[in-house]
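*Asks:* Structure below; questions to follow.
2 protein chains.
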Amino acid sequence: MGSMSNKKSLAKKRRRRSIIAFEMIRLDRMSTEPLHQQLYRQIRDELRSGSFIDGASRLPSSRALAADLGISRLTVNLAFSKLHAEGYLRSKAKSGTFVAYPLPESFLSADKFARRTAGRSGPEAHPATVSRVRISDRVRAIPDQRVGKQFDLGATGAGAGVSLVPSIPAVDEFPTGVWERLRAQVLAKKGAHLLRYASNRGDSDLRNALAAYLCDFRAARCHPEQIVIVGGMQQAMLISATALLNPGEPAWIEDPCYQQTRRVLTLADARIIPKPLDDQGIMIARAPKEPFPKLIYVTPSHQFPLGVTMSFQRRTALLDFARAHNTFVFEDDYDAEFRFTGPPLPSLQGIDHSGRVIYAGTMSKILCPSLRLGYIVAPEPLVDSFIKIRSAMDQHSSPIDQATLARFITEGFFLSHVKRMRKLYSERRDFFIEQFNKLLGDRFTLQVPEAGLNIVAWLKQEEDFQMIRRITLDIGVRPSALSFFCIEAKLKPAFVFGFAAWTPAQIRESLVKLASALKTRPT
Amino acid sequence: MGSMSNKKSLAKKRRRRSIIAFEMIRLDRMSTEPLHQQLYRQIRDELRSGSFIDGASRLPSSRALAADLGISRLTVNLAFSKLHAEGYLRSKAKSGTFVAYPLPESFLSADKFARRTAGRSGPEAHPATVSRVRISDRVRAIPDQRVGKQFDLGATGAGAGVSLVPSIPAVDEFPTGVWERLRAQVLAKKGAHLLRYASNRGDSDLRNALAAYLCDFRAARCHPEQIVIVGGMQQAMLISATALLNPGEPAWIEDPCYQQTRRVLTLADARIIPKPLDDQGIMIARAPKEPFPKLIYVTPSHQFPLGVTMSFQRRTALLDFARAHNTFVFEDDYDAEFRFTGPPLPSLQGIDHSGRVIYAGTMSKILCPSLRLGYIVAPEPLVDSFIKIRSAMDQHSSPIDQATLARFITEGFFLSHVKRMRKLYSERRDFFIEQFNKLLGDRFTLQVPEAGLNIVAWLKQEEDFQMIRRITLDIGVRPSALSFFCIEAKLKPAFVFGFAAWTPAQIRESLVKLASALKTRPT
């Protein structure tokens, strides 16, 4: 109402009743678009351009416009009536046709929007739907991430009643206070330097600290210039696959496998070839006509999800294969730090003498997933390409987080955290095993892991699988079905439980809940 | 020396002089690998496996081994001499051939490494070089990033003597104190929740805050569910291109163009088709047999680097083209906030009624590059695919940074920072223009920008270009040559100066330096 009376007074004051000339209209008689549609569209666009927002601009009569353009009056009337219907025009008795005010679009001035109260969320979605949206083949081929939803559930914590999800570390044990103190120190020391664009390769203090750690504790053989800081294990894989594979070229992965590996390699447009596992690790046999892979993804320290440690024989055979057939091995060393029996095994990278191993680690399990920091130890001839990809992909990781992590490592907090967590996880694993065998030993056989955050429980009665699956979904105890990680592998039914992120009380509560839900069902 | 005497005493004590049986050796007479090479390799692997590290294990005589394996003694001797040469074996007078101690590999025990002093960086690079490393076509096709090196220089700040680099915001004006206080608040409130895996779509508070801001100030039409938080503008482009293009499919970009656009689209395996600009923006003419693009990248608010604002006519023509030919428009709205004359123009997204515009923004220019946060406003049918890609690519951005940014926006710090910076940049722009014209007006004609952090200076004498280019490199005043951003476009020579990140004193100093370096040269 206010805008209408404003308009009226404006119109009265100025007495401007100009007739719009529409000089911009160009009709194409050869077009498949009907003339009235062309006319409608061009007038609408002209009105939208915002030249006539005072509401006093009159349109030429349909007769005059038709004569001007050399078209029939019917054509003009068709266009006008559509503009009327959509609110762009209004008629006034005895005065003719005017540009509507306000226009149906509310885009004309950002000023008008600025006057709205801040903090309001804009609910106007696009009304129109898009027809014929075609998503690329590579994206459609990415397997759905059922586990992703578990992550989101996991993010709400055990308090939300979802528990025993695999691969979740105990983030509430993370020393946030120490971390924030170190952050304040690096900010005080380096100031605005940490707010700028930074090195694509990564913070040099962090690369130095990681090189020392990896040489000392993972028996890696590397210098800091071989290290590229990345935003986690998935980015490490994506960068490696993008550097080494042309679209459609083959990559081998373990079967069963970490589900994100399959998703990342699909995103990178690789042709994924699953390879079975035996008790020594990935089996590197190749069918006679099978093409040689450009990349072989493995988890030698502690296979995910089965927990196999790759034997020394298999390691050297794998390296020989890589050297002989000009391929690279991606060593995902995601949780080697959490080995409970004996020292961690040396990395595959450390026994490679031909520069064929791309070693990658992540802070997601050791510290916390939200940090989004990981690293690649790259063979020297690949370093420049990896940095180039990172610079094109997303530049670099947070310089503040990198500098804080460097200090966290060099001041010894990293090692003491790993040590403390190894002890904690070892205790939780033992408690889990004890309780599980007591409460659920009639249904499952546990495969005791030497490392990591997860434990595989094999069903004693295969036919129980669907029933147990449903129950776990119902009661919020959320191990993953082993089959979720399988591509072609046909394994006996099992569930992969996470035990690391829950206290003994929570572990017991969850297992009791599962056991009593199962009690009501026949074995 | 210590290890030798240890070894001797050990050997003496145990008197263990076992002869290695080498039962594992399997020779393949059909193989193309010579028998002596097979033998060498298998013995080496067995020694590497670490079973014989006491140094007292004797090898069978070449005669005995040859007999055992049914091969000639020469073959055995060839293998042994290679193992000798490489340090795996040593001979002892009258005693035979023994396994060397220590072995040339130092990978045998992670324990040994753990004993080394922590904090030492491991300098042992891989000695071997990798032959025949083939980097993928897409990565080799990414143009080199000369500007990337400028970023690294820029990261060291004006203090390092490099100045007037384009696209660098004044990060020392960023309210770090406020930011860190808000960070502490969100950490106190949400605690461990912020350390877990988080939503692939992004923090919901942040998406709400951005939707409100974009509707109010950019005349966007969106709701929070359409927003996907990303790690900056390049990731926004990469996700969009990956979702919409199969490898080799065409994408249009402006020419000249933001150099990272070209690099990202090459990484995504797009076929890049540069389109010229006129004074209304990108020209959408298509050659008769040219395929229709799947994606059109534009900077409508303020073209980078030329500064053109896309006209309304061109905007509607572009949207009509997109609708008619089933393509999407990527609107990079990287610095629309810093418009100095009049209110910011409404976004292209806001006038699109067919869901054909992917709108993207970044915090890199508005706040600071190190934050690595940006956002996409996606047409609804694309949202799920974008989230799927993010989940496969690198999961999500830092939950703590996202939550802090949400609070920074909702508590009003964001708007007041933008306002303050707009004023500061406007003053710096005016000062730059005044000083530049006074000091360098004889060489250059400035093109005064209405927005942004950069300013284009056209050469009055085209033949001066190489000379000025060399001088800028020499003296550390680092505008980019306009030609750096061109693909096929042949523009008159010009330089793109950044003025935003330097104080008036620094601007004057740099321009004086440039002017006096040029004074010594003929005009």
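Chains as they are written, first to last, in this note's numbering: chain S, -14 to 508; chain B, -14 to 508. Yeah, the Cβ is synthetic: ideal placement off N, Cα and C, and Gly gets one too.
Would you list the one or two residues that DSSP bridges to B:R256?
*Replies:* DSSP, once it has assigned bridges, lists B:P235 as partnering B:R256.
*Asks:* Nearest to S:I440 by alpha carbon, out of S:F480, S:Q446, S:V124 and S:A474?
*Replies:* Among S:F480, S:Q446, S:V124 and S:A474, the Cα nearest to that of S:I440 belongs to S:F480.
*Asks:* What residues from chain B crowd round S:F470, counting only those whose CB sits closer than 8 Å?
*Replies:* Under the 8 Å cutoff, chain B gives no residues; its nearest Cβ is about 16 Å from S:F470.
*Asks:* Within 10 angstroms of the Cβ of B:M9, are there 16 or more other Cβ atoms? Answer buried if so, exposed if not.
*Replies:* That one is exposed.
*Asks:* Using CA coordinates, which residue listed in B:L229, B:L24 and B:S57 is at the minimum distance from B:R341?
*Replies:* Minimum Cα distance to B:R341 is reached at B:L229.
*Asks:* Should B:V171 be labelled buried (16 or more other beta-carbon atoms within 10 Å of its own) or exposed?
*Replies:* It counts as buried.
*Asks:* Using a Cβ-Cβ cut-off of less than 8 Å, give me the residues of the stretch 246 to 259 of chain B that come near chain D, in sequence order.
*Replies:* Annotation note: the requested chain D is absent from the structure, which comprises protein chains S and B.
*Asks:* Compile a chain-ordered list of the residues in the stretch 216 to 234 of chain B whose CB is closer than 7 Å to at least one CB of chain S.
*Replies:* Residues passing the 7 Å Cβ filter: G216, G217, Q219, Q220, L223, T227, A228, L229, L230, N231 and P232.
*Asks:* Buried or exposed, going by whether 16 or more other CB atoms sit within 10 Å of the CB of B:M199?
*Replies:* According to the sequence displayed, residue 199 of chain B carries Leu and not Met. Buried is the call here.
*Asks:* Counting only C-beta atoms, is B:I5 closer than 8 Å to chain S at any point?
*Replies:* No - not a single Cβ of chain S is within 8 Å of the one on B:I5.
*Asks:* Between the stretch 161 to 168 of chain B and the stretch 178 to 192 of chain B, do at least 3 Cβ pairs fall closer than 8 Å?
*Replies:* Cβ pair count under 8 Å is below three, so no.
*Asks:* Against B:I127, what residues of chain S qualify as contacts under a CB-to-CB distance less than 7 Å, listed in chain order?
*Replies:* Those within 7 Å of B:I127 in chain S are K373 and A377.
*Asks:* With the cut-off set at 8 Å, would you say B:A474 and B:D240 are in Cβ contact?
*Replies:* Yes; because the gap between Cβ atoms is below 8 Å, this pair is in contact.
*Asks:* Looking at B:L252: is its Cβ nearer than 8 Å to the Cβ of S:A377?
*Replies:* Yes.
*Asks:* Determine the direct distance from the alpha carbon of S:M295 to that of B:V61, and round the result to whole angstroms.
*Replies:* C-alpha separation (whole angstroms): 30 Å.
*Asks:* With distances taken Cα to Cα, identify the nearest neighbour of S:H381 among S:Q220, S:H69 and S:S495.
*Replies:* Of the candidates S:Q220, S:H69 and S:S495, the one whose C-alpha sits nearest the C-alpha of S:H381 is S:Q220.
*Asks:* For S:F484, does the three-state DSSP call read helix, strand or coil?
*Replies:* Coil, per DSSP.
*Asks:* Do S:I343 and S:E316 come within 8 Å of each other at the CB atom, strictly closer than that value?
*Replies:* Their beta carbons are under 8 Å apart, which means S:E316 touches S:I343 by this criterion.
*Asks:* Please tell me whether S:N439 has its Cβ less than 8 Å away from any Cβ of chain B.
*Replies:* Not one chain B Cβ lies under 8 Å of S:N439.
*Asks:* Taking 8 Å as the threshold (C-beta atoms), are B:W237 and B:K260 in contact?
*Replies:* The answer is yes: Cβ separation under 8 Å.
*Asks:* Per DSSP, B:K77 forms a beta bridge with which residues?
*Replies:* BP columns for B:K77 point to B:G81.
*Asks:* Between the stretch 396 to 408 of chain S and the stretch 275 to 292 of chain B, do three or more beta carbon pairs fall short of 8 Å?
*Replies:* The stretch 396 to 408 of chain S, when compared against the stretch 275 to 292 of chain B, does not touch it at the 8 Å Cβ threshold.
*Asks:* Can we say the stretch 325 to 340 of chain S touches the stretch 294 to 312 of chain S, given the rule of at least three CB pairs closer than 8 Å?
*Replies:* Touching, per the Cβ criterion.
*Asks:* What did DSSP end up calling B:Q22 once you bin it into helix, strand or coil?
*Replies:* Here B:Q22 sits in helix by DSSP.
*Asks:* Roughly how many angstroms lie between the CA atoms of B:I214 and S:F482, to the nearest whole one?
*Replies:* Answer to the nearest angstrom: the Cα atoms are 31 Å apart.
*Asks:* Taking the straight line between their C-alpha atoms, what separation do you get for B:I453 and S:L223?
*Replies:* Roughly 41 Å separates the two Cα atoms.
*Asks:* Using a Cβ-Cβ cutoff of 8 Å, what residues of the stretch 313 to 342 of chain S are near chain B? List them in chain order.
*Replies:* Within the stretch 313 to 342 of chain S, the qualifying residues are P328, P329, L330, P331, G335, I336, D337, H338, S339, G340 and R341.
*Asks:* Which of the three DSSP states is assigned to S:I336 in this structure?
*Replies:* Correct three-state label for S:I336: helix.
*Asks:* Is the Cβ-Cβ distance between B:D449 and B:R428 less than 8 Å?
*Replies:* Yes, they are a contact pair.
*Asks:* CA-CA distance, S:D415 and S:S401?
*Replies:* Cα-Cα distance, rounded: 21 Å.
*Asks:* List the residues that DSSP assigns as beta-bridge partners of S:D317.
*Replies:* S:A345, per the DSSP bridge assignment.
*Asks:* Output the boundary residues of the alpha helix (DSSP H) element that contains S:I418.
*Replies:* From DSSP, the alpha helix (DSSP H) with S:I418 extends over F398 to L425.
*Asks:* Of the choices S:Q446, S:Q420, S:R203 and S:S47, whose alpha-carbon is the least far from that of S:T488?
*Replies:* Residue S:Q420 is the option with its Cα nearest to S:T488.
*Asks:* Please say whether B:L179 and B:A388 have beta carbons closer to each other than 8 Å?
*Replies:* Result yes, Cβ atoms of B:A388 and B:L179 sit closer than 8 Å.
*Asks:* Who are the neighbours of B:F159 on chain S, taking C-beta pairs under 7 Å?
*Replies:* The contacting residues are L180.
*Asks:* Please list, in chain order, all residues of the same chain as B:L250 whose beta carbon is under 6 Å from its beta carbon, the five residues on each side excluded.
*Replies:* Excluding positions up to five away in sequence, the list reads A226, A236 and I257.
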